[in-house]
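Undergrad: Have a look at the structure that comes next, please.
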Amino acid sequence: MYDLIKNADKELYDSLIGETLRQTEKIELIASENFASPEVMEAQGSVLTNKYAEGYPGKRYYGGCEWVDVAEDLARDRLKELFGAEYVNVQPHSGASANLAVYFSFINHGDKVMGLSLDHGGHLTHGSKVNFSGKFFDFTPYYLNKETERIDYNEVEDLAKKNKPKLITVGASAYSREIDYAAFRQIADKVGAFLFADIAHPAGLIAKGHLQSPIPYCDVVASTTHKTMRGPRGGMIMIGKDYQNPHGIVAPKSGRVKNMSEIIDSWVMPGMQGGPLMHVIAAKAVAFKEALSPEFNDYTIQVMKNAKTMANALIDLDYKVISGGTDNHSMLVDIRNKNITGKDAEIALDKAGITCNKNAVPYDTQPPLVTSGIRLGTPAMTTRGMKEDDMKTIVEFIDKVVRNHDNEDVLNSVKNEVKTFCSPFPLHKKMS
Ligand code: DSN
């Protein structure tokens, strides 16, 4: 493995081997991570990295684009089929870039927007004050209901009527419940707002029809490609049915722009990006083909079964899973009753070979770098072939670590158990 780098660059080789071992020997529970297939990684490591291809297939600013056009068209066609979308853009380098292009396509500097607060499970790009979204636009956050710990559609509607946003962002990075995009559509229509869904986390589950799709209800949908989609790290934008440029929307390029698809395309490039990462787009094409397969459907079903099992096993051990469970691939656990902070739990679990992230819980009293919770997800370990019984074992490991977080001997012994537990499960079924 990595034989060329081994000879050329020993220091970097050590990093690659170290990370390979870390991924192989530890339990990966970061809800936004996954293990891309060897085919996805082969495409991402291909000669397509050498090519400049500013523009879009058939309309490039460089010569020699005939083969990268094939790759981008494959990615676009497969993504359209996956989500039933008439328009897609596969060039955003990341989810944050995709969101930036969406905002610039639909609203102007200083416009009013609403988004789920970051400390209630939202995302930096949904209006955080330290992000471009919170700096460029006038965001009003909405929060989870204190009792149900779920989105309260009545509260969102009241807030929308009061604030009259030009756009409402819906989506989350730490929210375990299904989102009702149809309800958001009704709210957006009542106040004349655009509706934007960021489905970065549950995209793979939505693609296979296991959660409500935002495509019929939202003016625009964006996502990452590497979480439940299990592709290369990157972003994408979709529209269910292309429509005419609503009044007031501006495009960065000159000339007449008729449809939203053209506005979004022009905000992605030249508006905010130059050359697309054609090797990553090729890897997206591979991942989208995989996602169209029946095996990927089985995978997404198992991801959800595993998440439910993990949440229930935690509840059985008196862990407070926010909102009482999960509908998707993830869960947020308030660990205050275990007398440990999110920060200390993350550190202790990592020492014991279990990777997760500390996470604010709704109405958290701890600062963001400490927090009262941990976020857990099942996409990565499900890719390794783990099933419900394995989730129960993982919860036993977690509980042992949380109860003994100050005891280095226990953490070391769990680490060894975890390594043995992981060894029958390759990162990906075809991975050598
Ligand atoms: N950092 C991602 C996550 O972990 O959810 C979101 O961008």
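In terms of our numbering, the sequence shown is numbered consecutively and its last residue is 892. Note that beta-carbon positions come from the ideal geometry of N, C-alpha and C, so glycine has one too.
#1: Would you mind sorting PRO662 into buried or exposed? The rule is 16 or more other CB atoms within 10 Å of its CB.
#2: For ALA660, is the beta carbon positioned less than 7 Å from some heavy atom of the ligand DSN?
#3: Which term fits ALA468, buried or exposed, when burial requires 16 or more other beta carbons within 10 angstroms of its beta carbon?
#4: Could you check where the beta strand (DSSP E) with ASN819 kicks off and where it finishes?
#5: Output yes or no for whether 8 Å exceeds the beta carbon distance between ILE628 and MET698.
#6: Compute the Euclidean distance between the alpha carbons of GLU499 and THR843, then round it to the nearest angstrom.
#7: Under 7 Å from any heavy atom of the ligand GTP, does the C-beta of HIS739 make it?
#8: How far does the alpha helix (DSSP H) with ASP869 in it extend, from its first residue to its last?
#9: Does DSSP put ILE858 in a helix, a strand or coil?
#10: Name the residue from SER683, MET720, MET501, PRO754 whose alpha carbon lies nearest to the alpha carbon of ALA632.
#11: Quick one: is the Cβ of GLY555 within less than 7 Å of any heavy atom of the ligand DSN?
#12: Please decide whether PRO552 counts as near chain D, where near means a Cβ-Cβ distance under 8 Å.
#13: What does the Cβ neighbour count give for GLU479, buried or exposed, with the cut at 16 atoms within 10 Å?
#14: How about LYS626 and ILE567: do their beta carbons lie closer than 8 Å?
#15: Taking the alpha helix (DSSP H) that SER790 falls in, what are its first and last residues?
#16: When the Cα of TYR603 is compared with those of VAL630, ASN591, VAL590, which residue comes out closest?
#17: Could you tell me if the beta carbon of HIS583 falls within a distance shorter than 7 Å of some heavy atom in the ligand DSN?
#18: When every heavy atom of the ligand DSN is checked, does at least one fall within less than 7 Å of the C-beta of SER492?
#19: Under DSSP, the alpha helix (DSSP H) around ALA545 begins and ends at which residues?
#20: With a threshold of 16 other CB atoms inside 10 Å of the CB of GLU609, please say whether the residue is buried or exposed.
#21: Would the stretch 764-771 and the stretch 835-842 be scored as touching if the rule is three or more Cβ pairs under 8 Å?
#22: Which residue's Cα is closest to the Cα of VAL870: PRO822, CYS816, LEU809?
#23: I'd like to confirm something about SER683: is its beta-carbon nearer than 7 Å to some heavy atom of the ligand DSN, or not?
#24: Leaving out five residues before and five after ASP859 in sequence, what residues of the same chain have Cβ atoms less than 7 Å from its Cβ?
#25: Skipping 5 residues on each side, what residues in its chain have a beta carbon closer than 7 Å to that of MET764?
#26: Answer yes if the stretch 824-834 comes into contact with the stretch 738-753, meaning at least three C-beta pairs across the two stretches below 8 Å, and no otherwise.
#27: Is DSSP giving ILE709 helix, strand or coil here?
#28: Looking at the structure shown, is PRO601 part of a helix, part of a strand, or coil, going by DSSP?
#29: Distance check for LYS511 and LEU464, CA to CA, integer angstroms please.
#30: Can you list, in chain order, the stretches of the beta strand (DSSP E) that have 3 or more residues and sit fully within the stretch 612-678?
TA: So, from the listed chains and residues:
#1: Numbered from 1 along the sequence shown, position 202 holds the residue referred to as residue 662. If you draw a 10 Å sphere on the C-beta of PRO662, you find 16 or more other C-beta atoms in it, and that means buried.
#2: As a position in the sequence shown, residue 660 is number 200, starting the count at 1. At least one heavy atom of the ligand DSN lies closer than 7 Å to the C-beta of ALA660.
#3: Taking the first residue of the sequence shown as 1, we reach residue 468 at position 8. Label assigned to ALA468: exposed.
#4: What you label residue 819 is simply residue 359 of the sequence shown in a count that begins at 1. Element bounds for ASN819: 817-819.
#5: Position 168 of the sequence shown, counted from the start, is the residue given in the question as residue 628. Position 238 of the sequence shown, counted from the start, is the residue given in the question as residue 698. No Cβ-Cβ contact shorter than 8 Å links ILE628 with MET698.
#6: Here residue 499 refers to the residue found at position 39 when the sequence shown is read from its first residue. Here residue 843 refers to the residue found at position 383 when the sequence shown is read from its first residue. The C-alpha of GLU499 lies about 14 Å from the C-alpha of THR843.
#7: The model on display carries the ligand DSN but not the ligand GTP.
#8: On the sequence shown, position 409 is the one that residue 869 refers to. Its alpha helix (DSSP H) spans residues 868-882.
#9: Here residue 858 refers to the residue found at position 398 when the sequence shown is read from its first residue. Correct three-state label for ILE858: helix.
#10: Reading the sequence shown from its first residue, position 172 is the one you call residue 632. Residue SER683 is the option with its Cα nearest to ALA632.
#11: Position 95 of the sequence shown, counted from the first residue, corresponds to residue 555. GLY555: yes, Cβ under 7 Å from the ligand DSN.
#12: No chain D is present in this structure, which holds just one protein chain.
#13: Start at 1 with the first residue of the sequence shown, and residue 479 comes out as number 19. In summary, GLU479 is exposed, with fewer than 16 beta-carbon neighbours lying within 10 Å of its beta-carbon over all protein chains present.
#14: Here residue 626 corresponds to residue number 166 of the sequence shown, with the count starting at 1. Here residue 567 corresponds to residue number 107 of the sequence shown, with the count starting at 1. Yes, the Cβ-Cβ distance between LYS626 and ILE567 is below 8 Å.
#15: The residue given as residue 790 occupies position 330 in the sequence shown. Where SER790 is concerned, there is no enclosing alpha helix (DSSP H), although the beta strand (DSSP E) it sits in stretches over 790-794.
#16: Numbered from 1 along the sequence shown, position 143 holds the residue referred to as residue 603. The residue with the shortest Cα to Cα distance from TYR603 is VAL630.
#17: Mapped onto the sequence shown, residue 583 falls at position 123. Because some heavy atom of the ligand DSN lies under 7 Å away, the Cβ of HIS583 counts as near it: yes.
#18: If you number the sequence shown from 1, residue 492 lands on position 32. Checking the Cβ of SER492 against the ligand DSN gives yes.
#19: Locating residue 545 in the sequence shown gives position 85, where the first residue counts as 1. No alpha helix (DSSP H) contains ALA545, which DSSP labels as neither H nor E.
#20: Indexing the sequence shown from 1 puts residue 609 at position 149. Buried: at least 16 other Cβ atoms inside 10 Å.
#21: Taking 8 Å as the limit for Cβ pairs, the verdict is that the stretch 835-842 does touch the stretch 764-771.
#22: By 1-based counting over the sequence shown, the position of residue 870 is 410. Between VAL870 and the set PRO822, CYS816, LEU809, the nearest pair of CA atoms involves LEU809.
#23: In the sequence shown, counting from the first residue as 1, residue 683 sits at position 223. No, the beta carbon of SER683 sits no closer than 7 Å to any heavy atom of the ligand DSN.
#24: Your numbering for residue 859 matches position 399 in the sequence shown. LEU777, listed in sequence order.
#25: Sequence index remark: in the sequence shown, residue 764 carries index 304 (1-based). Excluding residues within five positions, the ones whose Cβ falls inside 7 Å are LEU665, HIS670, ASN788, HIS789.
#26: Fewer than three Cβ pairs drawn from the stretch 738-753 and the stretch 824-834 lie within less than 8 Å of each other, which leaves the two stretches out of contact.
#27: As a first step, residue 709 is located in the sequence shown; it is residue number 249 there, counting from the start. Looking at ILE709 - three-state DSSP - the assignment turns out to be coil, as it is neither helix nor strand.
#28: Numbered from 1 along the sequence shown, position 141 holds the residue referred to as residue 601. In this structure, PRO601 counts as strand in the three-state DSSP scheme.
#29: Along the sequence shown, read from residue 1 onward, the residue named residue 464 stands at position 4. Along the sequence shown, read from residue 1 onward, the residue named residue 511 stands at position 51. Taking the straight line joining both Cα atoms gives about 22 Å.
#30: Uninterrupted beta strand (DSSP E) stretches at least 3 residues long and entirely within the stretch 612-678 occur at 627-631, 654-658, given in chain order.
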